[in-house]
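> In the working numbering, the protein residues as written are 18 to 111. Cβ atoms here follow ideal geometry from the backbone N, Cα and C, with glycine treated the same way. Because the structure is a prediction, the values reported are computed rather than measured.
1) Ignore the nearest five residues each way along the sequence and tell me which others in residue 70's own chain have a CB closer than 6 Å to its CB.
2) Is the region 79-91 in contact with the region 37-47, if contact means three or more CB pairs nearer than 8 Å?
3) Where do the N-terminal and C-terminal ends of the beta strand (DSSP E) with residue 82 fall, by residue?
4) I need the DSSP call for residue 109, collapsed to helix, strand or coil.
5) Residue 92 by DSSP, collapsed to three states: which one?
6) In three-state terms, what does DSSP make of residue 42?
7) For residue 30, which of helix, strand or coil comes out of DSSP?
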């Protein structure tokens, strides 16, 4: 599926989802931006870069928003359990 189509589907879906707020939307769009640039569905992410792109200043907020996007099936979030392993994120088909 084209990334622009995924963006349209995401916006249409979150309109009626009361669990999703503006920070979730900004974070999803930052992930989408990174996926478009990498030309991949699954990417290695840098927390500080996603926080900067999505204008999130608190790490607690970042982790909470990522967990919610993952829980509701918008993304696949695979956090690193070790410092030497990267965290990966994938966009789910909506």
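Walking through what the data contain:
1) Answer for residue 70: 47, listed in chain order.
2) With the rule of 3 Cβ pairs closer than 8 Å, the region 79-91 counts as touching the region 37-47.
3) Run containing residue 82: none in the beta strand (DSSP E); it sits in the alpha helix (DSSP H), 76-88.
4) It is coil, neither helix nor strand.
5) In this structure, residue 92 counts as strand in the three-state DSSP scheme.
6) It is helical.
7) Under the three-state reduction of DSSP, residue 30 is assigned to helix.
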